[in-house]
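**Student:**
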Ligand SMILES: *Cc1c(COP(=O)(O)O)cnc(C)c1O
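Residue numbers (the working numbering): 7 to 431.
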């Protein structure tokens with residue numbers, strides 16, 4: 007694709023974008039002067055679909071009108087409400103319905119998954135994780151190790167990029183698994199990496215992990231709604247993700263959880279249980295021992311917050327309409343355009359640390375600005391961009407396929423160029 011560095015070209019791309027109309031289905035935050043912000047932070051908190059309010063209001067109305075009877079009589083009965091989300095969510099992450107459920111929040115799900123899939127035994131007690139994993143994932147892993155009496159110093163293998171490099175090489179992951187696989191109980195990697203935007207080949211890692219007898223799970227917080235995850239085919243034992251980043255379901259909204267079909271009917275698999283995971287036929291009898299529902303639904307603990315699920319429902323309807331493959335196609339072009347523009351600035355202080363290979367990334371470019379401080383980012387923000395700054399010197403930009411335009415990307419790169427030339431020494 008040959009891009010052009012002009013506003014006119016960006017606007018032409020928008021005019022010819024088959025997914026361009028989806029932008030109108032979202033609330034874009036406005037500046038004081040009434041012009042929209044250039045919002046490039048969908049990897050942190052996705053924007054609100056205009057349909058979300060209606061979806062939540064429906065549940066408020068049914069609660070108002072029916073009280074407890076809403077469990078059965080609401081337009082979308084609350085008792086099976088989570089089931090209304092399953093098929094659409096399964097499509098987004100490339101899984102079978104029996105493998106996917108929306109429940110709890112991300113870190114909670116990660117713990118529940120480790121309860122079941124981190125079972126240290128003998129000399130196999132280590133967990134493999136990235137050195138620069140998202141802090142919550144690290145805390146979760148560390149605390150699971152301690153919970154099982156394993157010293158994190160010994161029990162945690164941290165994958166690091168090579169000296170002078172930002173990205174983890176797949177061959178280095180393979181080497182660790184090859185050499186230490188017999189001692190690894192669980193491989194738990196972030197996919198896509200929140201900092202670098204690197205997307206790992208899950209199938210390859212899983213295959214190798216399984217060959218060595220390890221369990222394999224992924225945190226897909228930055229992958230869901232962004233890249234084509236194909237969780238079922240990946241073969242991973244489990245995956246978790248949140249719904250408020252690329253999935254646009256509102257701050258702190260409920261999370262997704264995947265457990266591979268091969269575990270669906272294993273009633274002996276240890277797990278922490280609650281009544282919502284129990285056989286639906288006998289759930290209200292409250293007397294029998296725990297009888298897990300087949301599939302990942304059995305990991306549900308509580309009856310879920312319907313208002314949060316209503317927001318997820320509204321968002322998933324948009325994903326169904328757009329299709330994850332179409333979204334990925336646009337996102338590759340849009341992200342490629344950002345890459346082209348940033349490269350075109352031609353300033354040797356900037357370096358894109360995200361992989362150049364589109365198969366190894368999603369809708370995020372992490373742009374390192376050498377010897378910059380946060381004031382550069384603050385100036386870009388003052389000029390109307392909402393993005394994310396990570397110390398010491400990285401700007402994370404996420405052009406999302408659903409609501410970002412080519413003009414957004416163009417405006418950001420112009421502002422970055424302006425600020426860089428203002429600070430030229
Ligand atoms: C966003 C994110 C989280 C946040 O966890 P919550 O439990 O939703 O607060 C955890 N891990 C990763 C990798 C994330 O990107």
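Glycine residues also receive a C-beta, built at the ideal position from the N, C-alpha and C atoms.
From a predicted model like this one, the values you see are computed outputs, not experimental measurements.
Closest to residue 214 by CA distance: which of 242, 230, 228, 204 is it?
**Tutor:** Comparing Cα positions, the closest option is 242.
**Student:** DSSP beta-bridge partners for residue 223?
**Tutor:** Paired residues: 194, 244.
**Student:** Which same chain residues, not among the five before or five after residue 40, have their C-beta less than 7 Å away from its C-beta?
**Tutor:** Nothing meets the Cβ criterion.
**Student:** Using DSSP's beta-bridge definition, name the partner residues of residue 132.
**Tutor:** Residue 132 is bridged to 190.
**Student:** Where do the ends of the alpha helix (DSSP H) carrying residue 425 lie?
**Tutor:** Note, residue 425: alpha helix (DSSP H), 412-428.
**Student:** Quickly, what does DSSP pair residue 262 with across the bridge? List them, please.
**Tutor:** Residue 262 pairs with 108, 247.
**Student:** At a threshold of 6 Å, does residue 228 count as lining ligand 1 (C-beta to nearest heavy atom)?
**Tutor:** Indeed, a heavy atom of ligand 1 lies less than 6 Å from the Cβ.
**Student:** Please classify residue 382: is it buried, with 16 or more other beta-carbons within 10 angstroms of its beta-carbon, or exposed?
**Tutor:** Buried, because 16 or more other Cβ atoms sit within 10 Å of the Cβ of residue 382.
**Student:** Less than 6 Å between the CB of residue 196 and some heavy atom of ligand 1, yes or no?
**Tutor:** Residue 196: yes, Cβ under 6 Å from ligand 1.
**Student:** Any idea what DSSP makes of residue 151, helix, strand or coil?
**Tutor:** The answer is helix: DSSP assigns residue 151 an H, G or I state.
**Student:** With DSSP as the reference, label residue 282 as helix, strand or coil.
**Tutor:** Reduced to three states, the DSSP call for residue 282 is helix.
**Student:** Report yes or no: do the stretch 88-105 and the stretch 254-271 share at least 3 C-beta pairs separated by less than 8 Å?
**Tutor:** These segments touch.
**Student:** DSSP on residue 142, reduced to helix/strand/coil?
**Tutor:** Three-state result, residue 142: helix.
**Student:** Kindly indicate which three-state DSSP category residue 32 falls into: helix, strand or coil?
**Tutor:** Strand.
**Student:** Determine whether the beta carbon atoms of residue 247 and residue 226 lie at a separation below 7 Å.
**Tutor:** In this structure, residue 226 lies closer than 7 Å to residue 247 by Cβ.
**Student:** What whole-angstrom Cβ distance do residue 307 and residue 93 have, given they're in contact under 8 Å?
**Tutor:** About 22 Å separates the two Cβ atoms, so there is no contact after all.
**Student:** Straight-line CA distance for residue 33 to residue 372?
**Tutor:** Distance between the alpha carbons of residue 33 and residue 372 is about 25 Å.
**Student:** Round the Cβ separation of residue 191 and residue 145 to the nearest angstrom and send it over; I've been treating them as touching at under 8 Å.
**Tutor:** Their Cβ separation, rounded to whole angstroms, is 18 Å, which puts residue 191 and residue 145 out of contact at 8 Å.
**Student:** Exposed or buried, which one is residue 293 when buried takes at least 16 other CB atoms within 10 Å?
**Tutor:** With fewer than 16 other Cβ atoms within 10 Å, it is exposed.
**Student:** So, for residue 402: in the same chain, excluding its five sequence neighbours on each side, which residues have a beta-carbon less than 7 Å away from its beta-carbon?
**Tutor:** Closer than 7 Å at Cβ, skipping near neighbours: 49, 370, 372, 393, 394, 396.
**Student:** Tell me the residue span of the beta strand (DSSP E) that contains residue 357.
**Tutor:** Its beta strand (DSSP E) spans residues 356-358.
**Student:** Between residue 57 and the rest of its own chain, which residues show a CB-CB distance below 8 Å, the 5 nearest in sequence each way excluded?
**Tutor:** Contacts found: 31, 320, 323, 324.
**Student:** What are the complete beta strand (DSSP E) segments, minimum 3 residues, inside the stretch 376-416?
**Tutor:** Qualifying beta strand (DSSP E) stretches, in chain order: 394-396, 400-403.
**Student:** Let me know the secondary structure DSSP gives residue 158 once reduced to three states.
**Tutor:** Residue state, collapsed to three classes: helix.
**Student:** Given the structure, does residue 140 come close to ligand 1, in the sense that its CB is under 6 Å from one of the ligand's heavy atoms?
**Tutor:** At least one heavy atom of ligand 1 is nearer than 6 Å to the Cβ of residue 140, so yes.
**Student:** Verify whether the separation of the beta carbon atoms of residue 133 and residue 36 is less than 7 Å.
**Tutor:** No, Cβ-Cβ distance for residue 133 and residue 36 is not below 7 Å.
**Student:** Residue range of the alpha helix (DSSP H) that residue 233 falls in?
**Tutor:** From DSSP, residue 233 is part of no alpha helix (DSSP H); its letter is neither H nor E.
**Student:** Can you tell me where the alpha helix (DSSP H) with residue 171 in it begins and where it stops?
**Tutor:** Careful: residue 171 lies outside any alpha helix (DSSP H) and carries neither H nor E.
**Student:** Specify whether the stretch 332-344 and the stretch 63-79 touch according to this definition: at least 3 beta carbon pairs, one from each stretch, less than 8 Å apart.
**Tutor:** At 8 Å Cβ cutoff, the stretches do not touch.
**Student:** Can you tell which of 424, 412, 101, 427 has the C-alpha that lies nearest to the C-alpha of residue 4?
**Tutor:** With the chain covering 7 to 431 only, the question about residue 4 has no answer from this structure.
**Student:** In three-state DSSP terms, what is residue 343?
**Tutor:** Helix, per DSSP.
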